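Q:
There are 2 protein chains.
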Amino acid sequence: MKSTKRKNMQPEERRAQLLGCAQILFFSKGFEDTTVQDVLDLAGVSKGGFYHHFKSKDELLFGVLDGMAEGVFSQMDLVASDETSSALELLRSFIHLRANYLREHDYPGQVEFFKVMNQDKNLVLLEQFKRRVRTGAMPVLTRIIQKGCDEGTFAVADIDTAAELILFLSTFMDLALLRAIEARGAETADHAAGKLQAAIDMQFLTIDRILGLPDGTTDFGWPEAVDVTMATEPPPPPSTN
Amino acid sequence: MKSTKRKNMQPEERRAQLLGCAQILFFSKGFEDTTVQDVLDLAGVSKGGFYHHFKSKDELLFGVLDGMAEGVFSQMDLVASDETSSALELLRSFIHLRANYLREHDYPGQVEFFKVMNQDKNLVLLEQFKRRVRTGAMPVLTRIIQKGCDEGTFAVADIDTAAELILFLSTFMDLALLRAIEARGAETADHAAGKLQAAIDMQFLTIDRILGLPDGTTDFGWPEAVDVTMATEPPPPPSTN
DNA sequence: CTCTTGAAAACCGACCAGCGGTTTGTAACT
DNA sequence: AGTTACAAACCGCTGGTCGGTTTTCAAGAG
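Residue numbers (my numbering), protein chains in the order written: chain X, 946 to 1186; chain U, 946 to 1186.
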């Protein structure tokens, strides 16, 4: 029998490689439109080899998702276990972390990634990822709110519900952010920037109310946040002078 | 050539029939797990016949979704065009409509339907449906808030953003409702009921803040809402004495 | 009013490429 | 030598296509 060249690797190494290839493909073509064969071709592995490491295509998806979420969660944990900061400060860090995990964590194409992830074809991917983030962030946020209540800073009827709602607000912000990013450079950019600012304001307004804080307490949005978001340069069109 | 009996129908009729069969199957087996062949068998139509009316399986999905959303939207429009009511009353009607469209609109198995729809395998279905509802409900809610601002009842920085956030709150409520429904009959039922009440309270608290209303203005949840939700009897297991 | 006609609409069912996943055997490492 | 890591052929089934067949229905003829 003729046989192609073959390169054995350590299981973890192969796994990582396959996850990497899968991530690239999932986020460009979408999960459904990515064939296992696509992954196979990109990684240079046979089907048998693949199914030796992953028992299904779904497991591959969850693997990718886990890999992405891992870093965020550990950072969150780190933030929340800081005993010296007040609950309010912790909350501030938490929200910024949640809002910027793309920027902090990843390769330069984070914005592109964000856009691709929000396309219709990646609906499954996105929703599955959101769930991971939510379930992973819940305990951390709960702990922070608990601490705030103990301190007497926060006044909340039900901690879990409060935490959950705040995390939902993040989803709301994601949508606003997406719209803003998509409008960058277009003539509607100013309008989009206004909407983004409105969403940010409303987010913090709502958090104040959820936690029983006086108006304006959690105005964590630093002033130039919107400008920063709208300014990330797309590859400058040569027509610009 | 032998030929099976064949029954031609008006296009709309066939379309409706296929949509009906699809709806049943989608919500029992899930979208991905439902084969077009399944629909074919249930409807007694051949593949060619099917693809004469629908150009893809996805179009079938969107057809089902549209059919479901249609009724809600028309009701919403009706509600919002009532000139005699105040904005606050309109909002009340709107929220109740949004919260109860399953109960109002459908066959007796609404709860079952809700549960099935929230299963993991129906993620696409659910999310796609939510989007429809959101985009369809947006203009109505916007109009209501606009009216409230004109009246001087509401005070909102950005109407669209406010409307969007309120609709996101509905999603939040859906989750809470789902948890409650799933806990019915279990020994955690009381706990779940508490959480549901907390979510309801927090929803209205948040809406107050969003619209710039004094605390407690939009306490639209009628007192026995939670009990009603938790009480729907499941088919009583014969092991119960 | 009935009958013919013919084109368009409705429909059938065999067929296909490609999918996720399995199996069986073999090369490579320890 | 035994186990691990992989290859390649294979399988059942899926969504979708295609050429052909049947119904329908309106218009024209008698």
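Virtual Cβ for every residue (Gly too), placed ideally from N, Cα, C. Just so we're clear, the structure is a prediction, and the values are computed from it rather than from any experiment.
#1: Quick one: grab the DSSP three-state call for Arg-951 (chain U).
#2: Under a CB-based cut-off of 9 Å, is Ile-1155 (chain X) close to chain U?
#3: Does Ala-1170 (chain U) have its Cβ less than 9 Å from a Cβ in chain X?
#4: Confirm, please, whether the CB-CB distance from Leu-1150 (chain X) to Phe-1074 (chain X) is below 9 Å.
#5: Counting only the same chain and skipping the five closest in sequence on each side, list residues whose C-beta sits under 6 Å from that of Leu-963 (chain U).
#6: Where do the N-terminal and C-terminal ends of the alpha helix (DSSP H) with Gly-1161 (chain U) fall, by residue?
#7: For Thr-1151 (chain U), which residues in chain X fall below 8 Å Cβ to Cβ?
#8: Would you say Thr-980 (chain U) reaches chain X, if we count a Cβ-Cβ gap shorter than 9 Å as a contact?
#9: With 9 Å as the threshold, decide whether the Cβ of Phe-1099 (chain U) is near any Cβ in chain X.
#10: Using the Cβ count rule (16 or more neighbours within 10 Å means buried), how would you classify Arg-1043 (chain U)?
#11: Closer than 8 Å between beta carbons: that is the criterion. Which residues of the segment 1060-1082 of chain U meet it against chain X?
#12: Given the structure, does Ala-1032 (chain U) come close to the ligand HEM, in the sense that its CB is under 8 Å from one of the ligand's heavy atoms?
#13: Contact criterion: CB-CB distance below 9 Å. Does Lys-1140 (chain U) meet it with respect to chain X?
#14: CA-CA distance, Ser-1026 (chain X) and Thr-1087 (chain X)?
#15: Thinking C-beta only, is Val-984 (chain X) closer than 9 Å to Leu-1006 (chain X)?
#16: Does any residue of chain U have a CB that is nearer than 9 Å to the CB of Leu-1042 (chain X)?
#17: Looking at Thr-1142 (chain U): is its Cβ nearer than 9 Å to the Cβ of Leu-1114 (chain U)?
#18: For the segment 1058-1072 of chain U against the segment 968-977 of chain U, do three or more pairs of beta-carbon atoms, one drawn from each stretch, fall closer than 8 Å, so that the two count as touching?
#19: Starting from Lys-1140 (chain U), trace the alpha helix (DSSP H) both ways and give me its first and last residue.
#20: Should Asp-1105 (chain U) be flagged as near chain X, meaning a C-beta pair shorter than 9 Å?
#21: Between the Cα of Cys-1094 (chain X) and the Cα atoms of X:Ile-1145, X:Leu-1112, X:Ala-1107, which residue gives the shortest distance?
#22: Measure from the alpha carbon of Glu-1109 (chain U) to the alpha carbon of each residue in X:Phe-1117, X:Glu-1109, X:Ala-1102, then state which is nearest.
#23: Which of the three DSSP states is assigned to Ser-1200 (chain U) in this structure?
#24: Kindly indicate the opening and closing residues of the alpha helix (DSSP H) around Gly-965 (chain U).
A: Let me spell this out:
#1: As a working mapping, residue 951 (chain U) is identified with position 6 in the second sequence. Three-state DSSP puts Arg-951 (chain U) in coil, outside helix and strand.
#2: The residue given as residue 1155 (chain X) occupies position 210 in the first sequence. True, the Cβ-Cβ gap to chain U drops below 9 Å.
#3: As a working note, residue 1170 (chain U) is residue 225 in the second sequence. No - not a single Cβ of chain X is within 9 Å of the one on Ala-1170 (chain U).
#4: Along the first sequence, read from residue 1 onward, the residue named residue 1074 (chain X) stands at position 129. Along the first sequence, read from residue 1 onward, the residue named residue 1150 (chain X) stands at position 205. For Phe-1074 (chain X) and Leu-1150 (chain X), no; Cβs fall outside 9 Å.
#5: Within the second sequence, the letter at position 18 stands for residue 963 (chain U). Contacts found: Ala-988.
#6: Translated into the one-based positions of the second sequence, residue 1161 (chain U) becomes position 216. Taken as a continuous stretch (DSSP letters only), Gly-1161 (chain U) belongs to no alpha helix (DSSP H), as it is neither H nor E.
#7: Here the question's residue 1151 (chain U) lines up with position 206 in the second sequence. Here the neighbours are Leu-1110, Thr-1151, Arg-1154, Ile-1155.
#8: Indexing the second sequence from 1 puts residue 980 (chain U) at position 35. Thr-980 (chain U) does not count as touching chain X.
#9: Taking the second sequence and counting its residues from 1, the one referred to as residue 1099 (chain U) is at position 154. No - not a single Cβ of chain X is within 9 Å of the one on Phe-1099 (chain U).
#10: Working through the second sequence from its first residue, we reach residue 1043 (chain U) at position 98. Label assigned to Arg-1043 (chain U): buried.
#11: Leu-1068, Val-1069, Glu-1072, Gln-1073
#12: The ligand HEM is not among the ligands present in this structure, which contains no ligands whatsoever.
#13: In the second sequence, residue 1140 (chain U) corresponds to position 195, counting from 1. Closer than 9 Å: yes.
#14: By 1-based counting over the first sequence, the position of residue 1026 (chain X) is 81. By 1-based counting over the first sequence, the position of residue 1087 (chain X) is 142. Each residue's alpha carbon lies about 12 Å from the other.
#15: Counting from 1 along the first sequence, the entry for residue 1006 (chain X) is found at position 61. Counting from 1 along the first sequence, the entry for residue 984 (chain X) is found at position 39. Against a cut-off of 9 Å, the Cβ pair of Val-984 (chain X) and Leu-1006 (chain X) comes out as no contact.
#16: By one-based count along the first sequence, residue 1042 (chain X) stands at place 97. No - not a single Cβ of chain U is within 9 Å of the one on Leu-1042 (chain X).
#17: Within the second sequence, the letter at position 197 stands for residue 1142 (chain U). Within the second sequence, the letter at position 169 stands for residue 1114 (chain U). First, the amino acid is wrong: residue 1142 (chain U) is Gln here, not Thr. In this structure, Leu-1114 (chain U) does not lie closer than 9 Å to Gln-1142 (chain U) by Cβ.
#18: yes
#19: In the second sequence, counting from the first residue as 1, residue 1140 (chain U) sits at position 195. Per DSSP, Lys-1140 (chain U) belongs to the alpha helix (DSSP H) from 1134-1156.
#20: Counting from 1 along the second sequence, the entry for residue 1105 (chain U) is found at position 160. Output row for Asp-1105 (chain U): interface = yes.
#21: In the first sequence, the residue the question calls residue 1094 (chain X) occupies position 149. Out of X:Ile-1145, X:Leu-1112, X:Ala-1107, X:Ala-1107 has the C-alpha closest to the C-alpha of Cys-1094 (chain X).
#22: Within the second sequence, the letter at position 164 stands for residue 1109 (chain U). Of the listed residues, the one whose Cα sits closest to Glu-1109 (chain U) is X:Phe-1117.
#23: Because chain U spans 946 through 1186 in this model, residue 1200 (chain U) falls outside it and cannot be assessed.
#24: Reading the second sequence from its first residue, position 20 is the one you call residue 965 (chain U). Counted as a single uninterrupted DSSP element, the alpha helix (DSSP H) harbouring Gly-965 (chain U) occupies residues 956-974.
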